[in-house]
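Visitor: I have a structure I would like to understand better, so I am pasting it below and will then ask my questions one at a time.
Residue numbers (the working numbering): 9 to 384.
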């Protein structure tokens with residue numbers, strides 16, 4: 009067999025297959041065609057030398073904001089995701105039922121990044137930095153969300169609701185119930201944004217179903233996962249046990265090293281690592297998804313663990329496992345090449361705490377659908 013592209017000599021880490029060894033990856037017709045040792049260079053039309061590099065499935069990011077030009081949070085998905093090793097991303101509620109048509113036409117259908125969306129239960133989406141999209145509950149139009157969700161099942165994978173009091177006011181419970189009603193109507197999951205809610209988290213989380221997602225899981229703001237004594241609340245552990253998913257969602261103001269360390273020391277770890285990359289954090293403290301993964305390596309996670317929580321685990325949440333987030337034969341030919349650098353690297357959380365690490369993952373190359381991505 010002759011491959012369109014051969015990635016040769018790298019250390020392949022693919023948690024979906026329990027693989028962590030030096031292998032070559034052959035790509036044919038936009039699919040992974042072989043993962044094996046010793047594939048001859050003569051069998052490749054094009055060669056990528058991955059010697060000294062780490063080869064992983066194209067990274068997935070469960071929480072981004074890419075409705076650029078409309079939502080004040082939006083960034084160009086190809087410039088900030090694909091160029092930095094993320095081949096698949098989920099926009100977390102930038103658009104609502106009234107604005108999704110433009111998001112689809114001008115962003116989703118045009119970008120090279122494989123971009124999906126969560127529909128905001130607020131029909132306006134996330135437009136203004138000064139007005140919360142659910143301050144007036146009339147924006148939470150369940151029927152419109154169901155209609156748009158059903159009409160756009162290829163793109164819309166669930167419903168997003170932000171529950172901070174500057175967004176929902178005092179009606180966070182009603183907002184969440186409407187989001188769940190809409191999710192039930194399209195048979196998809198809900199993602200809730202937590203921190204500074206009017207209602208304590210343990211009350212909100214009672215409403216969630218298995219497969220629903222709590223993002224900003226390690227927020228340092230009030231009504232997070234810890235009680236006043238710094239202990240993970242039993243209701244949080246119970247929710248994770250029954251299948252509620254806890255996602256990092258770093259963001260500009262939602263990830264605390266202190267909270268994450270306390271939770272980890274008590275055996276509570278995230279089910280997914282995401283960046284919440286948007287216009288206000290691309291120059292720090294987030295920068296990109298790979299930097300967030302490196303922060304969790306500083307906290308003691310292995311490379312394999314952080315890659316799993318940004319590939320196969322994420323694909324399972326999105327319902328696309330087996331197709332992306334893996335290098336198994338027949339899957340989409342999305343591959344990210346990384347380099348593990350050693351030195352002194354400063355990582356800062358969303359609350360101003362900085363730590364120093366002796367290692368950091370860095371992006372080298374992105375391959376999407378079997379093609380080497382070339383940024384403009």
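A virtual CB, placed ideally from N, CA and C, is assigned to each residue, including glycine.
Can you give me the start and stop residues for the beta strand (DSSP E) that residue 280 sits inside?
Guide: Taking the chain shown and counting its residues from 1, the one referred to as residue 280 is at position 272. Premise fails: residue 280 is in no beta strand (DSSP E) and is neither H nor E.
Visitor: Measure from the alpha carbon of residue 48 to the alpha carbon of each residue in 28, 14, 37 and 24, then state which is nearest.
Guide: Within the chain shown, residue 48 is the residue found at index 40, counting from 1. With distances taken between Cα atoms, residue 48 lies closest to 14.
Visitor: Give the single residue among 234, 224 and 137 whose Cα lies nearest to the Cα of residue 280.
Guide: Working through the chain shown from its first residue, we reach residue 280 at position 272. That would be 224, whose Cα lies nearest to the Cα of residue 280.
Visitor: Ordered along the chain, which non-local residues of its own chain (more than five positions away) have a Cβ less than 8 Å from that of residue 213?
Guide: As a working mapping, residue 213 is identified with position 205 in the chain shown. Contacts found: 222, 243, 244, 247 and 252.
Visitor: In or out: residue 144 buried (at least 16 other Cβ within 10 Å) or exposed?
Guide: Counting from 1 along the chain shown, the entry for residue 144 is found at position 136. With fewer than 16 other Cβ atoms within 10 Å, it is exposed.
Visitor: Between the C-alpha atoms of residue 336 and residue 310, what's the straight-line distance to the nearest angstrom?
Guide: The sequence position of residue 336 within the chain shown is 328, counting from 1. The sequence position of residue 310 within the chain shown is 302, counting from 1. Answer to the nearest angstrom: the Cα atoms are 21 Å apart.
Visitor: Is residue 157 near residue 194, with beta carbons less than 8 Å apart?
Guide: Here the question's residue 157 lines up with position 149 in the chain shown. Here the question's residue 194 lines up with position 186 in the chain shown. Their beta carbons are under 8 Å apart, which means residue 157 touches residue 194 by this criterion.
Visitor: Going by C-alpha distance, which of 254, 51, 227 and 236 is nearest residue 218?
Guide: Reading the chain shown from its first residue, position 210 is the one you call residue 218. Ranking 254, 51, 227 and 236 by Cα distance to residue 218 puts 254 first.
Visitor: So for residue 297, helix, strand or coil by DSSP?
Guide: Stepping through the chain shown from its first residue, residue 297 is reached at position 289. If DSSP states are grouped into helix, strand and coil, residue 297 belongs with the helices.
Visitor: When the Cα atoms are used, what is the spatial distance from residue 169 to residue 358?
Guide: The count along the chain shown starts at 1 and reaches residue 169 at position 161. The count along the chain shown starts at 1 and reaches residue 358 at position 350. If I take the Cα positions, the gap works out to 21 Å.
Visitor: How far does the alpha helix (DSSP H) with residue 85 in it reach, from first residue to last?
Guide: Here residue 85 refers to the residue found at position 77 of the chain shown. 85-88 is the span of the alpha helix (DSSP H), which, as asked, contains residue 85.
Visitor: Are at least three pairs of beta-carbons, each pair with one atom in the stretch 346-355 and one in the stretch 319-328, less than 8 Å apart?
Guide: As far as the Cβ criterion goes, the stretch 346-355 does not touch the stretch 319-328, which means the pair count is below three.
Visitor: May I have the straight-line CA-CA distance separating residue 121 from residue 192, to the nearest angstrom?
Guide: As a working note, residue 121 is residue 113 in the chain shown. As a working note, residue 192 is residue 184 in the chain shown. So the alpha carbons of these two residues sit roughly 28 Å apart.
Visitor: Taking all protein chains shown into account, decide if residue 199 is buried (16 or more other Cβ within 10 angstroms of its Cβ) or exposed.
Guide: Here residue 199 corresponds to residue number 191 of the chain shown, with the count starting at 1. Classification for residue 199: buried.
Visitor: With DSSP collapsed to three states, give me the class of residue 134.
Guide: Translated into positions along the chain shown, residue 134 becomes position 126. Coil at residue 134, not helix or strand.
Visitor: Using a Cβ distance threshold of 8 Å, determine whether the stretch 82-93 contacts the stretch 53-62, with at least three qualifying pairs required.
Guide: With the cut-off at 8 Å, the stretch 82-93 and the stretch 53-62 do not touch.
Visitor: Assuming residue 12 and residue 35 make a contact with CB atoms under 8 Å, what is their CB distance in whole Å?
Guide: Mapped onto the chain shown, residue 12 falls at position 4. Mapped onto the chain shown, residue 35 falls at position 27. Indeed they touch by this definition, with Cβ atoms about 6 Å apart.
Visitor: Going along the chain, which residues of its own chain have a beta-carbon closer than 6 Å to the beta-carbon of residue 38, five neighbours each way excluded?
Guide: Translated into positions along the chain shown, residue 38 becomes position 30. Cβ neighbours of residue 38 beyond the five flanking positions: 341, 377 and 378.
Visitor: Output the boundary residues of the beta strand (DSSP E) element that contains residue 65.
Guide: In the chain shown, counting from the first residue as 1, residue 65 sits at position 57. Where residue 65 is concerned, the enclosing beta strand (DSSP E) stretches over 62-65.
Visitor: Would you kindly report the start and end of the unbroken beta strand (DSSP E) that includes residue 348?
Guide: Here the question's residue 348 lines up with position 340 in the chain shown. Run containing residue 348: 343-356, per the beta strand (DSSP E) assignment.
Visitor: To the nearest angstrom, how far is it from the Cα of residue 305 to the Cα of residue 211?
Guide: Here residue 305 is taken as the residue at index 297 of the chain shown, counted from 1. Here residue 211 is taken as the residue at index 203 of the chain shown, counted from 1. Roughly 32 Å separates the two Cα atoms.
Visitor: Quick one: what's residue 371 bridged to in DSSP?
Guide: If you number the chain shown from 1, residue 371 lands on position 363. Beta-bridge pairing links residue 371 to 346.
Visitor: Hey, out of 369, 354, 316 and 380, whose CA is closest to residue 25's CA?
Guide: Position 17 of the chain shown, counted from the start, is the residue given in the question as residue 25. Ranking the options by Cα distance to residue 25, first place goes to 316.
Visitor: Look up residue 30 in the DSSP assignment and say whether it is helix, strand or coil.
Guide: Numbered from 1 along the chain shown, position 22 holds the residue referred to as residue 30. Residue 30: strand per DSSP, three-state reduction.
Visitor: Which of the three DSSP states is assigned to residue 157 in this structure?
Guide: Taking the chain shown and counting its residues from 1, the one referred to as residue 157 is at position 149. Three-state DSSP puts residue 157 in a helix.
Visitor: Taking the beta strand (DSSP E) that residue 329 falls in, what are its first and last residues?
Guide: Numbered from 1 along the chain shown, position 321 holds the residue referred to as residue 329. Here residue 329 belongs to no beta strand (DSSP E), and DSSP marks it neither H nor E.
Visitor: For a test of the three-state rule: what should DSSP assign to residue 18, helix, strand or coil?
Guide: Within the chain shown, residue 18 is the residue found at index 10, counting from 1. Looking at residue 18 - three-state DSSP - the assignment turns out to be strand.
Visitor: Express the C-alpha separation of residue 369 and residue 185 in angstroms, rounding to a whole number.
Guide: To locate residue 185, count along the chain shown from 1; it is residue 177. To locate residue 369, count along the chain shown from 1; it is residue 361. Taking the straight line joining both Cα atoms gives about 40 Å.
Visitor: Given residue 44, which residues of its chain have a CB within under 8 Å of its CB, disregarding the five upstream and five downstream residues?
Guide: Taking the chain shown and counting its residues from 1, the one referred to as residue 44 is at position 36. So the qualifying residues of the chain are 31, 32 and 34.
Visitor: Could you give the DSSP three-state label for residue 56: helix, strand or coil?
Guide: By 1-based counting over the chain shown, the position of residue 56 is 48. If DSSP states are grouped into helix, strand and coil, residue 56 belongs with the strands.
Visitor: Note the first and the last residue of the continuous alpha helix (DSSP H) segment covering residue 99.
Guide: For the purposes of this step, residue 99 is taken as the residue at position 91 of the chain shown. Residue 99 -> not in any alpha helix (DSSP H); beta strand (DSSP E) instead, spanning 94-104.
Visitor: Going straight from the alpha carbon of residue 119 to that of residue 102, what length do you get?
Guide: Here residue 119 corresponds to residue number 111 of the chain shown, with the count starting at 1. Here residue 102 corresponds to residue number 94 of the chain shown, with the count starting at 1. Spanning the two alpha carbons is a distance of roughly 16 Å.
Visitor: In this structure, how does DSSP classify residue 2 when only helix, strand and coil are distinguished?
Guide: The question about residue 2 has no answer, for the chain in this structure spans 9 to 384.
Visitor: With C-beta atoms as the reference, is residue 42 less than 8 Å away from residue 105?
Guide: If you number the chain shown from 1, residue 42 lands on position 34. If you number the chain shown from 1, residue 105 lands on position 97. Against a cut-off of 8 Å, the Cβ pair of residue 105 and residue 42 comes out as no contact.
Visitor: Within a Cβ cutoff of 8 Å, which residues of the same chain sit near residue 234, ignoring the five residues on either side of it in sequence?
Guide: Working through the chain shown from its first residue, we reach residue 234 at position 226. Here the set comprises 240, 241, 267, 270 and 271.
Visitor: When you compare the CB positions of residue 78 and residue 139, do they come within less than 8 Å of one another, or not?
Guide: Numbered from its first residue, the chain shown carries residue 78 at position 70. Numbered from its first residue, the chain shown carries residue 139 at position 131. In this structure, residue 139 does not lie closer than 8 Å to residue 78 by Cβ.
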